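S.K.: Questions regarding the structure given below will be posed in turn.
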Amino acid sequence: MTWLKPVEIGQDAQATYNEFLRDLDARLSDPGTDRFELAAGVLAEILYGRPLEQLRAEAPLAALNVDARNVTFEAEYYMATDAEAFTRVKPLLWLWKNADLTPVGQNPVLGIPLRRVLAGHVFRRVGRDFKCWQNVEFSVGYNMEVGDDVVVHRHVLLDDIGGIELHDNASISDYVNVYSHTHSVLDGPDVTLRRTVIGRGARVTYHSTVLAGSVISDDAMLATHALLRGDIPPHGIAMGVPARTTRFKVRDPQELHVDSRSFVRVPDRKANPEFPEATPNQTRLPEQDGAERPLVTGQG
1 MTWLKPVEIG
11 QDAQATYNEF
21 LRDLDARLSD
31 PGTDRFELAA
41 GVLAEILYGR
51 PLEQLRAEAP
61 LAALNVDARN
71 VTFEAEYYMA
81 TDAEAFTRVK
91 PLLWLWKNAD
101 LTPVGQNPVL
111 GIPLRRVLAG
121 HVFRRVGRDF
131 KCWQNVEFSV
141 GYNMEVGDDV
151 VVHRHVLLDD
161 IGGIELHDNA
171 SISDYVNVYS
181 HTHSVLDGPD
191 VTLRRTVIGR
201 GARVTYHSTV
211 LAGSVISDDA
221 MLATHALLRG
231 DIPPHGIAMG
241 VPARTTRFKV
251 RDPQELHVDS
261 RSFVRVPDRK
271 ANPEFPEATP
281 NQTRLPEQDG
291 AERPLVTGQG
């Protein structure tokens, strides 16, 4: 069930869009395609309205910057980034990011299916009818696992360096941040990768933040502006900073696929070989009655 209604455009325009998307998908599916040249060519057309070779002749600086070989991403500076995997997806992420800033990306009838095509060649897995709005950022892209009918809204950060799972019908609202890595509070270069999981039908609402390693169970919800640094049980509603489960949805019994109470978690991984061991507790509570009380967690 949806509250949205169908909206149609002219048949000629829709046919042109469909042909463009089919051609792009087919070329990306061809192992012989140079993805850097393909992505640069698409950007030359939608940004500057001319073929890539013409742009190279007439505006060389612009041409250099539509070609992802001439730019860097933050993820390329991370020790944890798989260089081979990132090279494969880099031109598509560059196309994705820049197309979002054009009329093509701002037009839902073309921008959303374009991102769906790109996701199929970037993510580890993507299901049916993925709907992603504009200006969504990924750290590497190739560690995203996305189920059926998932919706990601505008200006979302999906830091998937340690892995993110978005299960069927999950909804990520505008300006949400979802992380999968964490830094030691004493040694910033000591980084731990933790897979973050958002279950079936779960909702992460406006401006909230999900820290690395959190598991949001099926049908759970994280409230607006909340900060989650743990788990939410099935049907739970968590709110606050830090977020705590304060309500449960009234539901009939249903089959659960992601239940934080029994979910089998992927082991944490260390991202920097200079810090191979698990990070110990490194903080304490303020002194109370002359005693120093250690905190449970040692990372931030």
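Take 1 as the starting number for the sequence shown in UniProt numbering and just add one per residue.
Every residue, glycine too, gets a C-beta built ideally from N, C-alpha and C.
Note that this is a predicted model, so its numbers are computed, not measured.
When you compare the CB positions of residue 198 and residue 164, do they come within less than 9 Å of one another, or not?
M.R.: Contact: yes.
S.K.: Note down, in chain order, each residue of its chain lying with its Cβ closer than 6 Å to the Cβ of residue 229, except the 5 sequence neighbours on either side.
M.R.: 211 and 242, listed in sequence order.
S.K.: Residue 117 by DSSP, collapsed to three states: which one?
M.R.: Of the three classes helix, strand and coil, the one that applies to residue 117 here is helix, per DSSP.
S.K.: Please determine, among 2, 57, 64 and 184, the residue with the shortest C-alpha to C-alpha distance to residue 282.
M.R.: Closest option to residue 282, Cα to Cα, is 184.
S.K.: Do you know whose CA, among 207, 174, 263 and 37, lies nearest residue 216's CA?
M.R.: Among 207, 174, 263 and 37, the Cα nearest to that of residue 216 is on 263.
S.K.: Measuring CA to CA, which of 238, 144, 166 and 206 is closest to residue 224?
M.R.: Comparing Cα-Cα distances from residue 224 to each of 238, 144, 166 and 206, the minimum goes to 206.
S.K.: Which first and last residues belong to the alpha helix (DSSP H) in which residue 176 is found?
M.R.: Premise fails: residue 176 is in no alpha helix (DSSP H) and is neither H nor E.
S.K.: With which residues is residue 38 paired in a DSSP beta bridge?
M.R.: The partner list for residue 38 (beta bridge, DSSP) is empty, contrary to what the question assumes.
S.K.: Report yes if the CB atom of residue 219 is closer than 9 Å to the CB atom of residue 238, and no otherwise.
M.R.: Their beta carbons are not under 9 Å apart, which means residue 219 does not touch residue 238 by this criterion.
S.K.: Within 10 angstroms of its Cβ, does residue 7 collect 16 or more other Cβ (buried), or is it exposed?
M.R.: The residue in question, residue 7, is exposed, as its Cβ has fewer than 16 Cβ neighbours within 10 Å.
S.K.: Check the C-beta distance from residue 17 over to residue 86 and give it rounded, since I have them as a contact under 8 Å.
M.R.: So it is not a contact: roughly 29 Å between Cβ atoms.
S.K.: Alpha carbon to alpha carbon, how far is residue 96 from residue 287?
M.R.: Cα-Cα distance, rounded: 50 Å.
S.K.: Using the Cα positions of residue 151 and residue 171, report the straight-line distance between them to the nearest angstrom.
M.R.: The straight-line gap from Cα to Cα measures roughly 5 Å.
S.K.: In chain order, what residues of the same chain lie with their CB nearer than 6 Å to the CB of residue 52, ignoring the 5 residues before and after it?
M.R.: Excluding sequence neighbours, residue 52 sits near 40, 41 and 44.
S.K.: Alpha carbon to alpha carbon, how far is residue 73 from residue 129? Give it in angstroms, no decimals.
M.R.: So the two alpha carbons sit approximately 28 Å from each other.
S.K.: Tell me where the beta strand (DSSP E) around residue 238 begins and ends.
M.R.: Here the beta strand (DSSP E) through residue 238 covers 236-239.
S.K.: Within 10 Å of its beta-carbon, does residue 12 have 16 or more other beta-carbons around it, so buried, or fewer, so exposed?
M.R.: Residue 12 comes out exposed.
S.K.: Closest to residue 284 by C-alpha separation, out of 81, 75 and 186, would be which residue?
M.R.: Ranking 81, 75 and 186 by Cα distance to residue 284 puts 186 first.
S.K.: Taking just the CA atoms, how far does residue 50 sit from residue 108?
M.R.: Rounded to the nearest angstrom, the two C-alpha atoms are 23 Å apart.
S.K.: Should the segment 266-283 be regarded as contacting the segment 65-83, the criterion being three or more beta carbon pairs within less than 8 Å?
M.R.: They touch, by the three-pair rule.
S.K.: Taking only beta-carbon atoms, is residue 154 less than 9 Å away from chain B?
M.R.: No chain B is part of this structure, which consists of one protein chain only.
S.K.: Would you list the residues sitting across from residue 204 in a DSSP beta bridge?
M.R.: According to DSSP, which records beta bridges pairwise, residue 204 is partnered with 172 and 222.
S.K.: What first and last residue would you give for the alpha helix (DSSP H) that runs through residue 255?
M.R.: Careful: residue 255 lies outside any alpha helix (DSSP H) and carries neither H nor E.
S.K.: In three-state DSSP terms, what is residue 268?
M.R.: In this structure, residue 268 counts as coil in the three-state DSSP scheme.
S.K.: Does DSSP put residue 29 in a helix, a strand or coil?
M.R.: In this structure, residue 29 counts as helix in the three-state DSSP scheme.
S.K.: Keeping to the same chain, check which residues put their C-beta closer than 6 Å to that of residue 235; ignore five residues upstream and five downstream.
M.R.: The residues are 219, 248, 249 and 251.
S.K.: Evaluate residue 10 with the Cβ neighbour count: other Cβ atoms within 10 Å of its Cβ, from every protein chain shown; 16 or more gives buried, anything less gives exposed.
M.R.: Classification of residue 10: exposed, given that the 10 Å Cβ count is below 16.
S.K.: If you measure between the beta carbons of residue 208 and residue 177, is that distance less than 9 Å?
M.R.: Going by C-beta atoms, residue 208 is nearer than 9 Å to residue 177.
S.K.: Quick one: using the 10 Å Cβ neighbour count with 16 as the cut-off for buried, is residue 3 buried or exposed?
M.R.: Answer is exposed; the Cβ neighbour count stays below 16.
S.K.: With distances taken from CA atoms, which of 169, 110, 126 and 94 is nearest residue 37?
M.R.: That would be 94, whose Cα lies nearest to the Cα of residue 37.
S.K.: Would the beta-carbon of residue 114 fall within 9 Å of that of residue 161?
M.R.: Not a contact, by the Cβ cut-off of 9 Å.
S.K.: Identify every residue that forms a DSSP beta bridge with residue 146.
M.R.: Answer is 126 and 166.
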